[in-house]
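In this note's numbering, the protein residues as written are 70 to 182.
Glycine is no exception: its CB is placed at the ideal position from the N, C-alpha and C atoms.
The structure appears below as C-alpha coordinates.
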Amino acid sequence: TPGEVTLDPDTAHPNLVLSEDRKSVRFVDARPRDLPDTPRRFTIYPCVLGAQGFTSGRHYWEVEVGDKTHWALGVCKDSVSRKGELTPLPETGYWRVRLWNGDKYAATTTPFT
(Lines of atoms letter the chains of each structure in order from A; the text may use other names.)
(Lines give C-alpha, C1' and ligand atoms only; values in the text may rest on other atoms or scores of the structure.)
Protein backbone atom coordinates (compact mmCIF):
# COMPACT_ATOMS: atom_id res chain seq x y z
CA THR A 70 0.00 0.00 0.00
CA PRO A 71 1.16 3.55 -0.62
CA GLY A 72 2.81 5.47 2.18
CA GLU A 73 1.04 8.26 4.03
CA VAL A 74 2.80 11.61 4.02
CA THR A 75 2.02 14.47 6.36
CA LEU A 76 3.83 17.64 5.31
CA ASP A 77 6.01 19.50 7.81
CA PRO A 78 5.01 23.20 7.96
CA ASP A 79 8.31 24.11 9.65
CA THR A 80 10.17 23.20 6.43
CA ALA A 81 7.76 24.83 3.94
CA HIS A 82 9.01 27.64 1.71
CA PRO A 83 7.02 30.86 2.40
CA ASN A 84 5.25 30.66 -1.01
CA LEU A 85 3.89 27.19 -0.24
CA VAL A 86 0.54 26.87 1.51
CA LEU A 87 -0.32 23.55 3.14
CA SER A 88 -3.85 22.22 3.49
CA GLU A 89 -5.31 22.04 6.99
CA ASP A 90 -4.71 18.27 7.13
CA ARG A 91 -1.14 18.82 5.79
CA LYS A 92 -1.69 16.27 3.00
CA SER A 93 -1.50 18.69 0.07
CA VAL A 94 0.41 21.80 -0.89
CA ARG A 95 0.00 24.61 -3.40
CA PHE A 96 2.29 27.35 -4.63
CA VAL A 97 0.99 30.88 -4.15
CA ASP A 98 2.57 33.32 -6.60
CA ALA A 99 2.18 36.34 -4.36
CA ARG A 100 4.25 38.04 -1.73
CA PRO A 101 5.72 35.28 0.43
CA ARG A 102 4.11 34.79 3.82
CA ASP A 103 5.99 36.24 6.78
CA LEU A 104 7.24 33.08 8.48
CA PRO A 105 10.11 32.63 10.90
CA ASP A 106 13.35 31.76 9.11
CA THR A 107 14.28 28.62 11.01
CA PRO A 108 17.22 26.34 10.07
CA ARG A 109 14.72 23.73 8.82
CA ARG A 110 12.85 26.07 6.41
CA PHE A 111 13.61 26.25 2.67
CA THR A 112 14.15 29.91 1.74
CA ILE A 113 14.92 30.09 -2.00
CA TYR A 114 13.66 26.89 -3.64
CA PRO A 115 9.93 26.14 -3.09
CA CYS A 116 10.18 22.86 -1.16
CA VAL A 117 8.44 21.22 1.77
CA LEU A 118 9.43 17.98 3.49
CA GLY A 119 7.30 15.23 4.92
CA ALA A 120 7.10 15.05 8.69
CA GLN A 121 7.97 11.34 8.56
CA GLY A 122 11.36 10.13 7.46
CA PHE A 123 12.96 6.78 6.72
CA THR A 124 16.47 5.40 6.51
CA SER A 125 15.95 2.15 4.62
CA GLY A 126 13.39 -0.05 2.90
CA ARG A 127 11.16 0.38 -0.13
CA HIS A 128 8.64 3.19 -0.19
CA TYR A 129 6.16 4.59 -2.68
CA TRP A 130 3.47 7.24 -2.76
CA GLU A 131 0.52 7.91 -5.02
CA VAL A 132 0.35 11.62 -5.83
CA GLU A 133 -2.24 13.71 -7.68
CA VAL A 134 -0.73 16.65 -9.54
CA GLY A 135 -3.89 17.65 -11.42
CA ASP A 136 -3.56 19.59 -14.66
CA LYS A 137 -0.50 21.59 -13.63
CA THR A 138 2.09 22.45 -16.30
CA HIS A 139 5.01 22.59 -13.83
CA TRP A 140 5.69 20.38 -10.81
CA ALA A 141 8.48 18.46 -9.11
CA LEU A 142 8.28 15.59 -6.66
CA GLY A 143 11.03 13.71 -4.93
CA VAL A 144 12.86 12.69 -1.82
CA CYS A 145 15.94 14.13 -0.17
CA LYS A 146 18.32 13.52 2.66
CA ASP A 147 17.43 15.28 5.90
CA SER A 148 20.86 16.91 5.80
CA VAL A 149 20.34 18.84 2.51
CA SER A 150 21.04 22.55 2.40
CA ARG A 151 17.82 24.54 2.72
CA LYS A 152 19.21 28.05 2.46
CA GLY A 153 20.18 29.84 -0.72
CA GLU A 154 20.39 28.34 -4.18
CA LEU A 155 20.47 24.57 -4.39
CA THR A 156 21.25 22.03 -7.06
CA PRO A 157 18.72 19.19 -6.80
CA LEU A 158 20.95 16.28 -7.85
CA PRO A 159 21.71 12.92 -6.22
CA GLU A 160 25.20 14.20 -5.32
CA THR A 161 23.61 16.92 -3.19
CA GLY A 162 21.04 14.59 -1.62
CA TYR A 163 18.01 15.11 -3.92
CA TRP A 164 16.20 12.60 -6.12
CA ARG A 165 13.21 13.92 -8.07
CA VAL A 166 11.04 13.72 -11.15
CA ARG A 167 9.50 16.79 -12.70
CA LEU A 168 7.31 18.23 -15.42
CA TRP A 169 7.93 21.61 -16.99
CA ASN A 170 6.40 23.53 -19.91
CA GLY A 171 3.47 21.11 -19.77
CA ASP A 172 5.11 18.32 -21.78
CA LYS A 173 8.72 17.81 -20.69
CA TYR A 174 9.43 15.18 -18.05
CA ALA A 175 12.79 14.47 -16.45
CA ALA A 176 14.31 12.41 -13.69
CA THR A 177 17.02 14.34 -11.92
CA THR A 178 19.98 12.04 -12.36
CA THR A 179 23.64 12.36 -13.15
CA PRO A 180 24.04 12.46 -16.07
CA PHE A 181 20.79 14.38 -16.68
CA THR A 182 17.93 12.36 -18.25
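Query - Nearest residue (CA-CA) to Thr138, options Arg100, Leu76, Lys146, Leu168 - result: Leu168
Query raised in the report: Would the segment 127–137 and the segment 99–106 be scored as touching if the rule is three or more Cβ pairs under 8 Å?
Result: no
Query - Ser125 versus Val144, Ser93, Thr177, Lys92, residue with shortest Cα-Cα distance - result: Val144
**Report entry** Pair within 7 Å by beta-carbon distance, Pro78 and Leu87
**Finding:** yes
Query raised in the report: Exposed or buried, which one is Tyr129 when buried takes at least 16 other CB atoms within 10 Å?
Result: exposed
**Report entry** Member of Glu73, Arg100, Val97 whose CA lies at the smallest distance from the CA of Asp90
**Finding:** Glu73
Query raised in the report: Nearest-angstrom Cα distance between Thr80 and Ile113?
Result: 12 Å
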